[in-house]
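Numbering (our numbering), first residue to last: 52 to 243. Just so you know, even glycine gets a beta-carbon here, dropped at the ideal spot from N, CA and C. This structure is a prediction, so every number in the text was calculated from the model and none was measured.
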Ligand SMILES: [Mg+2]
Ligand SMILES: [Zn+2]
């Protein structure tokens, strides 16, 4: 695709914000203090900043979809106040077994399936093979690899446990391991 730009896709829970389990009320959402700097750095690098998050708590009936939207409105406000912005924000509210249709469905967008990334790529003109996904779980790496992008694992959220207990048996290792999203982004941006 000519004119397509690389993106840095960022997972939400455990990567941009503290992993606290299901964020079933907007007041429970806690953005890490370095996340605004990380996203502003993506903005300044000329890459697109796109958040991609599974929110199966909607399908499970733990909270209504509007809670996801309220959390994201709050996040966008926090970013705006810090002179940072997301170019795209995509979430999957589905689960293959839990709840009722339309939320109960074997969708193509629940990570590690690539639907959120391919949708973003079509909407925004993203060169996936020059892009990265930053996240705290294996599924974030797998979704990167599924679309030909690279995957960075952060040690926040589930990341440290993933590395310690599971990564040794993964057939492919993360393309980058970082303490947190700001370190991951700055190494991606400065390596290029
Ligand atoms: Mg996560
Ligand atoms: Zn989905």
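If residue i sits next to residue j, beta carbons under 8 Å apart, how far is it from one beta carbon to the other, in whole angstroms?
i: residue 65; j: residue 207; result: 6 Å
i: residue 118; j: residue 185; result: Not really, about 24 Å apart at Cβ, beyond 8 Å.
i: residue 103; j: residue 138; result: Residue 103 to residue 138, Cβ: 12 Å. No contact.
Can we count residue i as close to ligand 2, meaning its CB is less than 8 Å from some heavy atom?
i: residue 120; result: no
i: residue 98; result: no
i: residue 165; result: no
i: residue 123; result: no
i: residue 152; result: no
With a 10 Å radius around its C-beta and 16 neighbouring C-beta atoms as the bar for buried, classify residue i as buried or exposed.
i: residue 52; result: Confidence at residue 52 is low in this model, with a pLDDT of 49, below 50, so its placement is unreliable and the value that follows should be read with caution. By the 10 Å Cβ count, residue 52 comes out exposed.
i: residue 106; result: buried
i: residue 213; result: buried
i: residue 203; result: buried
i: residue 210; result: buried
Less than 8 Å separating the Cβ of residue i from some heavy atom of ligand 1?
i: residue 64; result: yes
i: residue 202; result: no
If you drop the 5 nearest sequence neighbours on each side, which residues of the same chain put their C-beta closer than 7 Å to that of residue i?
i: residue 87; result: 129, 130, 133 and 135
Short of 8 Å in beta carbon distance, which residues of its chain neighbour residue i, apart from the five on each side in sequence? Order them along the chain.
i: residue 148; result: 155
In chain order, what residues of the same chain have a beta carbon less than 6 Å from the beta carbon of residue i, not counting five sequence neighbours either side?
i: residue 161; result: 105, 143 and 145
Contact between the segment 196 to 206 and the segment 120 to 137 is defined here as three or more beta-carbon pairs at a separation below 8 Å; is this criterion met?
no
Is it true that the segment 220 to 227 meets the segment 78 to 93, where meeting means three or more beta-carbon pairs spaced less than 8 Å apart?
They do not touch, by the three-pair rule.
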